[in-house]
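Trainee:
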């Protein structure tokens, strides 16, 4: 703002004073106050403000942030000023600012002439606007049931003539573009052999955070909808989940042969393993086995598959020996256990309507259907006293061939009996864990004494602590109260999971099926 003749003398003097202070460097700071509405973080550091609201701009003697500087100054009216002969160059600061930094101002000359592609795009937009104007005139006359008046006829004819001129100019531009493309030469390196790297704008990509097991459920749904054909499953996944690039990559093709020349040859296999592990992470906390080692509960002993473990089933006896006397003999009994591969399989029946839905609720329903059948089988066979081992098929339960005691109806007496067998077997109670049903856990948590106080305040419906030991609750335990020593239970688990799809299945309608 500059003083004008009709201003009051005091205001004009004040403006002259401020301008002189800025020119002499007494006031050298610029305060820009704005409120950001939308911004992103740059990969190389800093912020990129996309939308903001300018609040105030003022000159100050001492800026609040002395380390801040203006790197680039652009003018929105530069193209229009260039048309009148007043070209305003872009101002860039060559070095960063600071209290003692030496700044260099460089003026870069910018071209304001659009290239051929930009000109074609501009004239195409102009032609579309002119054509829309003609259509608007004719539509208005048609709605009113009349012909064009004199003014509308003149407007229509002038616009039509302008469209013909634009079409002719577009034809010339396209011919020029085709000629340049035919004579284009490949880019050559500079004389010193260096190629300058141009930093591109950062790309911000937001991936949807899926719940545990949802990605594997989408994989299963896509295979089911495509009747097990991976190529068709890929098209189903692209149609139902267009933003899930990981799913597209897993379904794209089978993993090629291993090679030392390509470090990424097993990339798709790795992504499938991540999908499978994600489903297992959802499945494990729902099983009895998966809750060992979590929340202060002692963990089972992990071992690999295809190993032989030797176990001692009876202890020896020692005796006193006199000088020159024969030492007494003792006997130890051992047995070996082989951990062969075993797997749990379940058939989950899904309707065609369900597998065609792409809603989150349908994905969660498929995930739950796949998990619930596996959870039921694992928990039941883990504690069922009738579950014996089947060679090369399944292991026995942890309670098989274990002699239990009948319940007395008194929780303290039952716990005392369990502890008695525990101690008699020379087991250390440091790894002991209770297994009970939700019904028994609820009964213990609600049990009160004559004064109305809870007898077991550390017990809840979901577990807790009973007689000082942690409790795992599962409805598949039934009416049993099981005390186990976790470190003495060996677990082999490679974390693998596979899914197959079929529209047909052979069913054996027997309570005790003979097939494996």
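Residue numbers (the UniProt record's numbering): 1 to 516. Ideal Cβ placement from N, Cα and C applies to all residues, glycine included.
Would you tell me roughly how many angstroms separate the C-alpha atoms of residue 411 and residue 429, rounded to the nearest one?
Mentor: Within the chain shown, residue 411 is the residue found at index 411, counting from 1. Within the chain shown, residue 429 is the residue found at index 429, counting from 1. In a straight line, the C-alpha of residue 411 is about 18 Å away from that of residue 429.
Trainee: State the beta-bridge partners of residue 338 as determined by DSSP.
Mentor: Counting from 1 along the chain shown, the entry for residue 338 is found at position 338. Beta-bridge pairing links residue 338 to 308.
Trainee: Using a Cβ-Cβ cutoff of less than 6 Å, which residues in the same chain neighbour residue 281 once the five nearest sequence positions on both sides are dropped?
Mentor: The residue given as residue 281 occupies position 281 in the chain shown. Cβ neighbours of residue 281 beyond the five flanking positions: 212.
Trainee: Please return the same chain residues whose Cβ sits closer than 7 Å to the Cβ of residue 264, not counting the five positions on each side in sequence.
Mentor: As a first step, residue 264 is located in the chain shown; it is residue number 264 there, counting from the start. Bear in mind that a pLDDT of 49 at residue 264, under 50, signals an unreliable position, so the number given afterwards is only what the model happens to contain. So no residue of the chain qualifies.
Trainee: Between the C-alpha atoms of residue 473 and residue 370, what's the straight-line distance to the nearest angstrom?
Mentor: In the chain shown, the residue the question calls residue 473 occupies position 473. In the chain shown, the residue the question calls residue 370 occupies position 370. Approximately 22 Å, taken between the alpha carbons.
Trainee: Buried or exposed: residue 49, going by 16 or more other Cβ atoms within 10 Å of its Cβ?
Mentor: To locate residue 49, count along the chain shown from 1; it is residue 49. Looking at its Cβ environment, which holds fewer than 16 other Cβ atoms inside 10 Å, residue 49 is exposed.
Trainee: For a test of the three-state rule: what should DSSP assign to residue 394, helix, strand or coil?
Mentor: Working through the chain shown from its first residue, we reach residue 394 at position 394. Three-state result, residue 394: strand.
Trainee: Let me know the secondary structure DSSP gives residue 348 once reduced to three states.
Mentor: The residue given as residue 348 occupies position 348 in the chain shown. Residue state, collapsed to three classes: coil.
Trainee: Between residue 124 and residue 168, what straight-line distance do the alpha-carbon atoms span, to the nearest angstrom?
Mentor: Counted from its first residue, the chain shown places residue 124 at position 124. Counted from its first residue, the chain shown places residue 168 at position 168. Rounded to whole angstroms, residue 124 to residue 168 spans 12 Å at the Cα level.
Trainee: What does residue 432 pair with, by DSSP beta-bridge criteria?
Mentor: Within the chain shown, residue 432 is the residue found at index 432, counting from 1. BP columns for residue 432 point to 485.
Trainee: Is the beta carbon of residue 218 closer than 8 Å to that of residue 247?
Mentor: Residue numbering aside, residue 247 sits at position 247 when the chain shown is read from its first letter. Residue numbering aside, residue 218 sits at position 218 when the chain shown is read from its first letter. Yes.
Trainee: Whole angstroms are fine: how far does the CA of residue 327 sit from the CA of residue 321?
Mentor: Within the chain shown, the letter at position 321 stands for residue 321. Within the chain shown, the letter at position 327 stands for residue 327. When rounded, the distance between both Cα atoms is 6 Å.
Trainee: Is DSSP giving residue 49 helix, strand or coil here?
Mentor: Locating residue 49 in the chain shown gives position 49, where the first residue counts as 1. Here residue 49 sits in strand by DSSP.
Trainee: What's the call for residue 457, buried or exposed, on a 16-neighbour Cβ count within 10 Å?
Mentor: Taking the chain shown and counting its residues from 1, the one referred to as residue 457 is at position 457. The residue in question, residue 457, is exposed, as its Cβ has fewer than 16 Cβ neighbours within 10 Å.
Trainee: Return the CA-CA distance between residue 41 and residue 240, expressed in angstroms with no decimal places.
Mentor: Within the chain shown, the letter at position 41 stands for residue 41. Within the chain shown, the letter at position 240 stands for residue 240. Computed Cα separation, rounded: 31 Å.
Trainee: Spatial neighbours of residue 310 within its chain, please: C-beta separation below 7 Å, excluding the five flanking residues on both sides.
Mentor: Start at 1 with the first residue of the chain shown, and residue 310 comes out as number 310. Excluding positions up to five away in sequence, the list reads 334 and 336.
Trainee: How would you write the range of the alpha helix (DSSP H) that residue 329 sits in, first residue to last?
Mentor: Taking the chain shown and counting its residues from 1, one reaches residue 329 at position 329. Note, residue 329: premise wrong, no alpha helix (DSSP H); not H, not E.
Trainee: Tell me whether residue 39 sits in a helix, a strand or coil according to DSSP, three-state version.
Mentor: Counted from its first residue, the chain shown places residue 39 at position 39. Strand.
Trainee: Are residue 304 and residue 492 close, meaning C-beta to C-beta below 8 Å?
Mentor: Against the chain shown, residue 304 aligns to sequence position 304. Against the chain shown, residue 492 aligns to sequence position 492. Taking 8 Å as the Cβ cut-off, residue 304 and residue 492 qualify as a contacting pair.
Trainee: From what residue to what residue does the beta strand (DSSP E) around residue 465 run?
Mentor: Indexing the chain shown from 1 puts residue 465 at position 465. Residue 465 -> beta strand (DSSP E) spans 463–466.
Trainee: In this structure, does DSSP put residue 56 in helix, strand or coil?
Mentor: The residue given as residue 56 occupies position 56 in the chain shown. Strand at residue 56.
Trainee: Answer yes or no: do residue 437 and residue 461 have a C-beta to C-beta separation smaller than 8 Å?
Mentor: Taking the chain shown and counting its residues from 1, one reaches residue 437 at position 437. Taking the chain shown and counting its residues from 1, one reaches residue 461 at position 461. No, the Cβ-Cβ distance between residue 437 and residue 461 is not below 8 Å.
Trainee: Suppose you measure from the CA of residue 317 to the CA of residue 441; what does that come to, to the nearest Å?
Mentor: Here residue 317 refers to the residue found at position 317 of the chain shown. Here residue 441 refers to the residue found at position 441 of the chain shown. Approximately 41 Å, taken between the alpha carbons.
Trainee: Are there three or more Cβ pairs, one per stretch, closer than 8 Å when the region 294–308 is compared with the region 337–344?
Mentor: Yes, they touch.
Trainee: Tell me the DSSP secondary structure of residue 32 in three-state form.
Mentor: Here residue 32 refers to the residue found at position 32 when the chain shown is read from its first residue. DSSP places residue 32 in strand when its eight states are reduced to three.
Trainee: Report yes if the C-beta distance between residue 381 and residue 394 is below 8 Å; otherwise report no.
Mentor: Translated into the one-based positions of the chain shown, residue 381 becomes position 381. Translated into the one-based positions of the chain shown, residue 394 becomes position 394. Cβ atoms of residue 381 and residue 394: closer than 8 Å.
Trainee: In terms of alpha-carbon separation, which member of 36, 488, 497 and 3 lies closest to residue 300?
Mentor: Here residue 300 refers to the residue found at position 300 when the chain shown is read from its first residue. Looking at the Cα atoms, 488 is the closest of the given residues.
Trainee: Can you tell me whether residue 164 is buried or exposed? The criterion is at least 16 other CB atoms within 10 Å of its CB, across all chains shown.
Mentor: To locate residue 164, count along the chain shown from 1; it is residue 164. Exposed, since its Cβ has fewer than 16 Cβ neighbours within 10 Å.
Trainee: Within 10 Å of its beta-carbon, does residue 237 have 16 or more other beta-carbons around it, so buried, or fewer, so exposed?
Mentor: Residue numbering aside, residue 237 sits at position 237 when the chain shown is read from its first letter. Result: buried.
Trainee: Please report how far the alpha carbon of residue 21 lies from the alpha carbon of residue 27, in whole angstroms.
Mentor: Numbered from its first residue, the chain shown carries residue 21 at position 21. Numbered from its first residue, the chain shown carries residue 27 at position 27. Approximately 6 Å, taken between the alpha carbons.
Trainee: Alpha carbon to alpha carbon, how far is residue 385 from residue 401? Give it in angstroms, no decimals.
Mentor: Numbered from its first residue, the chain shown carries residue 401 at position 401. Numbered from its first residue, the chain shown carries residue 385 at position 385. C-alpha separation (whole angstroms): 7 Å.
Trainee: How many Å lie between residue 329 and residue 484 at the Cα?
Mentor: Position 329 of the chain shown, counted from the first residue, corresponds to residue 329. Position 484 of the chain shown, counted from the first residue, corresponds to residue 484. Whole-angstrom Cα-Cα distance: 33 Å.
Trainee: Have a look at residue 57 and residue 119 and give me their C-alpha separation to the nearest angstrom.
Mentor: Position 57 of the chain shown, counted from the first residue, corresponds to residue 57. Position 119 of the chain shown, counted from the first residue, corresponds to residue 119. Approximately 37 Å, taken between the alpha carbons.
Trainee: What's the C-alpha gap between residue 375 and residue 403?
Mentor: Residue numbering aside, residue 375 sits at position 375 when the chain shown is read from its first letter. Residue numbering aside, residue 403 sits at position 403 when the chain shown is read from its first letter. Approximately 26 Å, taken between the alpha carbons.
Trainee: Can you give me the C-alpha to C-alpha distance between residue 225 and residue 214, rounded to a whole angstrom?
Mentor: Taking the first residue of the chain shown as 1, we reach residue 225 at position 225. Taking the first residue of the chain shown as 1, we reach residue 214 at position 214. Their Cα atoms are separated by approximately 16 Å.
Trainee: Taking the alpha-carbon of residue 466 as reference, which of 476, 455 and 475 has the nearest alpha-carbon?
Mentor: On the chain shown, position 466 is the one that residue 466 refers to. Checked all of 476, 455 and 475; the closest Cα to residue 466 is 455.
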